[in-house]
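Engineer: Have a look at this one before I ask anything.
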Amino acid sequence: MIKGGNKLIDFLAQILGVVLNQIFDVIYSISPAGSLGITIILFTIFVRLLILPLMINQQRSMKNMQKVQPEIQRIQNKYKDKKDPESQKQMSMELSELYKKHKISPLGGCLPLLIQMPIFFALFRVLQRAGTYINKLHDIYNQLAVQIMNVQGYQSILQGIVKERANVQLNETTLGTVEGLQSVLSHLTTNEWGQLTQTFKDIPQALLQQKDNIEIFLGISLVDSPSDLMGQGVIIAVILLTFIAGFTTYLSSKVISSGTQQQQNDQAAQTQKTMNIVFPFLTAWMTYTLPAGLGIYWITSNIFQIIQQLAINKSMDKAGEGE
């Protein structure tokens, strides 16, 4: 990702971290068990409600586009054999006037997606560093770091357990301070935590239980990727999470397509059909390889999208009947 993109994601992650932390505090005060998962679900609904006006405008624009499709094709056919710059410019002007007259934004359909993608990547950053953004988890990881640092030779022990990777660097800076070690601990996989607790037996079980109560939702650690969780006794849960994420994406795309069927040319129709097949598999793959919390976000977002689309379709159909 480009440097500027990283700055944007970091900025959004800070904002999302604050929102998530506020929601989390309320949920945790009611029930610590599964609090991170419930927080992600409520946060997703919050985001979807924020962009709801954009989604409604998008659907109206697409409905209007459907109505004027014959006129669009008439203009395009009019200039079909005229490839000179002046004719192409005139065609663009006529199409622009048509869009303006019927309040159509050709690129309006991209806006909700453009807004959601940075949020998705920022949420990925937050879940990667949940112990940094969520105060309660931060406190727990700090206490765990202090407990580990009290053990003589803890640095060499950790280096034998933890694998170095892009987000886990084992050096004097990360292992020599409470904050540095806290960051390392927040990136450990479930398997690494299992080895660590077997080695550092003096870590209070109550502290580990607090951590697990927050991070585990429906039997899955939300800060772990499903691919890392395979073989940890949650295979069925991992398969279900991945499948449901892909399947709800497919249903969502089908519902959207059914509500905005347009007189498309063969190429456009084929492109839409391909996307409806490819995107669910892409979602399933991302759910499998990224933190499981993103799968919860994706599934919740898809279900909200399906309900929202059905409601919008029904509302617009009634409005059409009244015209």
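If you use this note's numbering, the sequence shown corresponds to residues 10 to 332, in order.
Glycine residues also receive a C-beta, built at the ideal position from the N, C-alpha and C atoms.
Just so we're clear, the structure is a prediction, and the values are computed from it rather than from any experiment.
1) Could you say if the region 22-32 and the region 129-147 meet the contact criterion of at least three C-beta pairs nearer than 8 angstroms?
2) Are the CB atoms of L29 and T53 nearer to each other than 8 angstroms?
3) I'd like the list of long-range same chain contacts for T298, defined as Cβ closer than 8 angstroms, with 5 residues on each side in sequence excluded.
4) Distance check for E201 and L194, CA to CA, integer angstroms please.
5) In this structure, how does DSSP classify I229 when only helix, strand and coil are distinguished?
6) If we call anything under 8 angstroms between Cβ atoms a contact, is F133 one with P300?
7) Unbroken beta strand (DSSP E) runs of length 3 or more, entirely within the region 34-75: which are they?
8) Which whole-angstrom value is the C-beta distance of V264 and I315, which I expect to be below 8 angstroms?
9) Could you check whether L59 and I6 sit closer than 8 angstroms to each other, using their CB atoms as the reference points?
10) Could you spell out where the alpha helix (DSSP H) holding T208 opens and where it closes?
11) Given that a residue counts as buried once 16 or more other Cβ atoms are within 10 Å of its Cβ, and exposed if not, what is V155?
12) Go to V187, then tell me how far its alpha helix (DSSP H) extends in each direction, as first and last residue.
13) By DSSP's criteria, V177 is part of a beta bridge. Which residues make up the other side?
14) Here's the rule I'm using: 16 or more other beta-carbon atoms within 10 Å means buried, otherwise exposed. How should M74 be labelled?
15) Classify D326 as helix, strand or coil using the three-state DSSP reduction.
16) If I follow the unbroken alpha helix (DSSP H) through H111, where does it start and stop?
17) Give the secondary structure of G162 by DSSP, where H, G and I count as helix, E and B as strand, and everything else as coil.
18) Run the CB neighbour count on M284, radius 10 Å, all protein chains shown included, and call it buried at 16 or more, exposed below.
19) Once the 5 residues before and after G26 are set aside, which same chain residues still bring their CB inside 8 angstroms of it?
20) Out of T198, I113, P79, S101, which one is the CA nearest neighbour of Q137?
21) Just to check my reading of the structure: I308 and A246 have Cβ atoms closer than 8 angstroms, yes? What is that Cβ distance to the nearest angstrom?
22) Given 8 angstroms as the limit, is there contact between the region 172-182 and the region 210-224, that is, 3 or more CB pairs closer than that?
23) Could you tell me how far apart the beta carbons of Q219 and I149 are, in whole angstroms, since I believe they sit closer than 8 angstroms?
24) Using three-state DSSP, classify S262 as helix, strand or coil.
25) Can you say whether L291 is buried or exposed, counting buried as having 16 or more other CB atoms within 10 angstroms of its CB?
26) Check K98 in the structure and name its three-state DSSP category.
27) Since L231 contacts L45 with CB under 8 angstroms, what's their CB separation in whole angstroms?
28) For L299, decide whether its Cβ has a neighbour in chain B, counting only Cβ atoms nearer than 8 angstroms.
29) If L146 and I223 are in contact, beta carbons under 8 angstroms, what's the gap, nearest whole angstrom?
30) From L319 to K92, what distance separates their C-alpha atoms?
31) Do I321 and Q99 come within 8 angstroms of each other at the CB atom, strictly closer than that value?
32) Under the assumption that T258 contacts F288 (Cβ atoms under 8 angstroms), give the Cβ distance between them as a whole number of angstroms.
Structural biologist: Let me spell this out:
1) yes
2) no
3) S234, P235, S236
4) In a straight line, the C-alpha of L194 is about 9 angstroms away from that of E201.
5) strand
6) yes
7) Runs found: none.
8) 5 angstroms
9) Outside the modelled stretch of the chain, which goes from 10 to 332, sits residue 6, for which no answer is possible.
10) 199-208
11) Residue environment for V155: exposed (fewer than 16 other C-beta atoms within 10 angstroms of its C-beta).
12) 187-194
13) R174, per the DSSP bridge assignment.
14) buried
15) helix
16) Unbroken run through H111: none, as it is neither H nor E.
17) coil
18) exposed
19) V135, T141, Y142, I143
20) Taking the Cα of Q137 as reference, the smallest distance to any Cα among T198, I113, P79, S101 is reached at T198.
21) Taking 8 angstroms as the upper bound for CB-CB distance, I308 and A246 are not in contact here, some 13 angstroms apart.
22) no
23) About 5 angstroms separates the beta carbons of Q219 and I149, which is inside the 8 angstroms limit, making them a contact pair.
24) Three-state result, S262: helix.
25) Exposed is the call here.
26) helix
27) Yes, they are in contact, since the Cβ atoms of L231 and L45 sit about 5 angstroms apart, within 8 angstroms.
28) Among the chains of the structure shown, chain B does not appear; only one protein chain is present.
29) 6 angstroms
30) 42 angstroms
31) It is not a contact, given that the beta carbons lie outside the stated cut-off.
32) 6 angstroms
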